[in-house]
Amino acid sequence: MRKFGIVLLLLLLAAGFALAQERTTGTLEGVVADADGNPIDGAVVTIVGPQGTRTAITDAEGRYSFRGLSPGRYSVKAEAEGYGAVVQSDVDVFIGRRTQVPFALQKGLEEEIRVESQAPVVDLKSTTTGESVKVEDFAPYVPLGRNLVSVFSIAPGVSDGGGTGQVNASISGSSGLENAYFVDGVNITNNGYGALGAYSIVYGSLGTGVTYDFLEEVQVKTGGFEAEYGQAGGGIVNTVVKSGSNDFTLDVAWYEEPTALEGVRGQRTDFPNIANVVDSKRRDITLSSGGPILRDRLFYFAAYNPVETETTFRLTSGSPDVLYDLDGDGTATDSFPVGATISGGRTPAEVTRKRSTDNYAAKLTFFATPNHKLELTAFGDPSDGDVGPQAPTTFLRNLTDPTILDPLTGATGLDWGGDQIALKYQGVWTSNFFTEIQYANKENHFREVGPGTEFRFVFDVDANTTRGGAGFYEDLKDESDQYSFKNTHVFGPVELSYGYQQEDINWAQPRLRSGPTYTAYFP
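Going left to right, the sequence shown walks through residues -5 to 517 as the working numbering numbers them.
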């Protein structure tokens, strides 16, 4: 399957329309003028940021612009012959946005003026609605979950998806499966279902392992987004992986969710064959580091985040009309009344489902010159679930049938997650001509393996019971090669942007049934 997209944006009127913007970088621009508001031609504007220094010269209208900036905090200095220099510190640059920093220089002033803070300037050239969250300024102070969904769900216009799973939120009133998700320019949206990351029609959305420890910024576009985001009927979630800087960093974090700190879980005993969750544990460790390999030229960032979860189910009620083999003697002669629990034998009262995810992210950033940047990014979330009852109903159904003595006949193991890689070039040829080129590869999968795939699934119509193997199981593949190219020309307040996007998609989901023979349905 091949998907082609050509993006052509012609803006022939004055500023005020939505101009083209970068997916993973931002723009810092402004006008340098004198005290009377007259533009200063030839003023020197210098920015100092996490990855070094860049310089621009103002044009005849006093305009300057820095494109392709990594999101972060910058210091901006403007100076001109015969004028005093002005320094604006702590200027935040966001992905896909223009940060406006105007300067008014005083003629004949010799000392340098430092401005510590100023009110943010609204990007009047953008019609996009939404919110940008700078992770390091927000996440440590707000009680959020640690995944990507927890961060973007706080944006206005984002709400529960209504049956599409916890990780697939509704944006601007759309369903939870109509959004598009980008990480460092890579489209990680599930091509079959429109979900975020891995998706199963049996287990629902398993999401993505990208956590906010990996991310510099999360941007939610709820409407009015640019032409290159034409693959969504809902909203756009656009994020960027952290980059290394001239400062070395090392972060270690350990998160634990022990059962002892949980409240009392409600348990149902009023209906036969209920599997209650009686225990849940989670362990989440993060290691990350970043810094220079060659100062001002080559930088790295790397992070690793293993996550382990354990969920224990207990069968706390049964059918008084069916006998069970509770003592393990091979005969189904034991009654199991409503409200009872099993305390031994081949069919244990409790079973624990274990799942683990190895989240990772890495980025190399190389500046051939201050205006030509090459980035290589990789991230992923390979995950697995130990062989067991992935759904509580699997555990229940074989315990309620006296002819099936081993509940593992319906158990499966899970293997899911994805690996993504992207190579990007950004070039500033002149102050009015910019280029972006990117190639990305996405691989995502969901597989079920184990004994449950080997046994026939049986459904007794009269008794309304099931037994045997897993029945329907999945081997889903979602892969794509993504290509994009964009040029931008600036003519004063007017921009002309044109580009090309292409995705070669390979998506497959065989309809598999467990066992050497077909599923049986009989009265």
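Here a beta-carbon is modelled for each residue, glycine too, at the ideal position from N, C-alpha and C.
Residue range of the unbroken alpha helix (DSSP H) whose run includes residue i
i    : result
S144 : 142 to 146
E130 : 129 to 132
heavy atom of the ligand FAD below 7 angstroms from residue i C-beta
i   : result
A37 : Among the components of this structure there are no ligands whatsoever, and the ligand FAD is therefore not found.
For residue i, three-class secondary structure by DSSP
i    : result
P510 : coil
V204 : coil
A149 : coil
E302 : strand
P504 : coil
V443 : strand
K253 : Inspection of the sequence shows that residue 253 is occupied by Thr rather than by Lys. Note: T253 maps to helix in three-state DSSP.
Y187 : coil
E125 : strand
E497 : strand
E222 : helix
Y135 : helix
S282 : strand
Q476 : strand
S606 : Residue 606 is absent from the model: the chain starts at -5 and stops at 517.
L171 : coil
P33  : strand
Q94  : strand
T359 : strand
G486 : coil
D178 : coil
T19  : coil
Y294 : strand
N353 : strand
E73  : strand
CA-to-CA distance, residue j to residue i, given in whole angstroms
i    : j    : result
Y223 : I230 : 7 angstroms
Y68  : V85  : 5 angstroms
A221 : K128 : 24 angstroms
G24  : K71  : 12 angstroms
F373 : A355 : 4 angstroms
A50  : T21  : 13 angstroms
F242 : A416 : 24 angstroms
K367 : L292 : 10 angstroms
T511 : Q496 : 42 angstroms
R91  : V246 : 31 angstroms
T429 : V180 : 18 angstroms
V143 : L171 : 14 angstroms
T424 : K236 : 27 angstroms
K215 : K101 : 42 angstroms
R140 : A27  : 45 angstroms
G463 : V212 : 43 angstroms
D378 : D413 : 14 angstroms
S83  : V109 : 6 angstroms
P376 : S350 : 9 angstroms
A297 : N232 : 20 angstroms
I431 : Q384 : 42 angstroms
Nearest to residue i (by Cα), restricted to the options the options
i    : options                : result
F60  : Y77, I41, K71          : I41
F466 : T359, F453, D475       : F453
D472 : D273, L292, K418, I182 : I182
K348 : P364, K357, D380, L358 : D380
Q420 : G412, L370, H439, D375 : L370
E304 : D245, S274, D30        : S274
A508 : K215, G201, V235, T447 : First, the residue type needs correcting, since residue 508 is Ser and not Ala in the sequence shown. For S508, the nearest C-alpha among the options comes from T447.
V95  : E130, G56, G102, D131  : G56
L99  : Y58, A29, I279         : A29
N270 : R276, I279, G260       : G260
G382 : G407, K480, A79, F449  : G407
P364 : Y294, E211, V212, R289 : R289
S195 : Y175, Q213, F360, G157 : Going by the sequence as given, residue 195 is Ile instead of Ser. Checking every option, the nearest Cα to that of I195 belongs to G157.
D352 : F360, T346, V345, N299 : N299
A362 : V422, Y433, D178       : V422
S126 : Y494, G155, F146, N173 : F146
For residue i, the first and last residue of its enclosing beta strand (DSSP E)
i    : result
Q420 : 406 to 424
V235 : 230 to 235
S377 : 377 to 382
T158 : Looking at the DSSP string, T158 is not in any beta strand (DSSP E), and its letter there is neither H nor E.
Y193 : 192 to 194
V554 : No answer is possible for residue 554: it lies beyond the span of the chain, which begins at -5 and ends at 517.
E369 : 366 to 374
T52  : Looking at the DSSP string, T52 is not in any beta strand (DSSP E), and its letter there is neither H nor E.
K101 : That residue, K101, is in no beta strand (DSSP E); it is neither H nor E in DSSP.
CB contact check: residue i to chain B, cutoff 8 angstroms
i    : result
V422 : The displayed structure is made up of one protein chain only, and chain B is not part of it.
query = If you pair each beta-carbon of the region 473 to 484 with each one of the region 442 to 449, do three or more pairs fall below 8 angstroms?
reply = With the cut-off at 8 angstroms, the region 473 to 484 and the region 442 to 449 do not touch.
inquiry  = Could you check whether the region 164 to 173 touches the region 203 to 212, counting it as contact only if at least three pairs of C-beta atoms, one from each stretch, sit closer than 8 angstroms?
reply    = For the pair of segments examined, the region 164 to 173 was found not to touch the region 203 to 212: the number of CB pairs separated by less than 8 angstroms stays below three.
query = Per the contact definition of three or more C-beta pairs closer than 8 angstroms, is the region 187 to 202 in contact with the region 247 to 256?
reply = Output reads no: the region 187 to 202 does not touch the region 247 to 256.
key: Contact the region 27 to 43 vs the region 74 to 91: 3+ CB pairs below 8 angstroms   = Yes, they touch.
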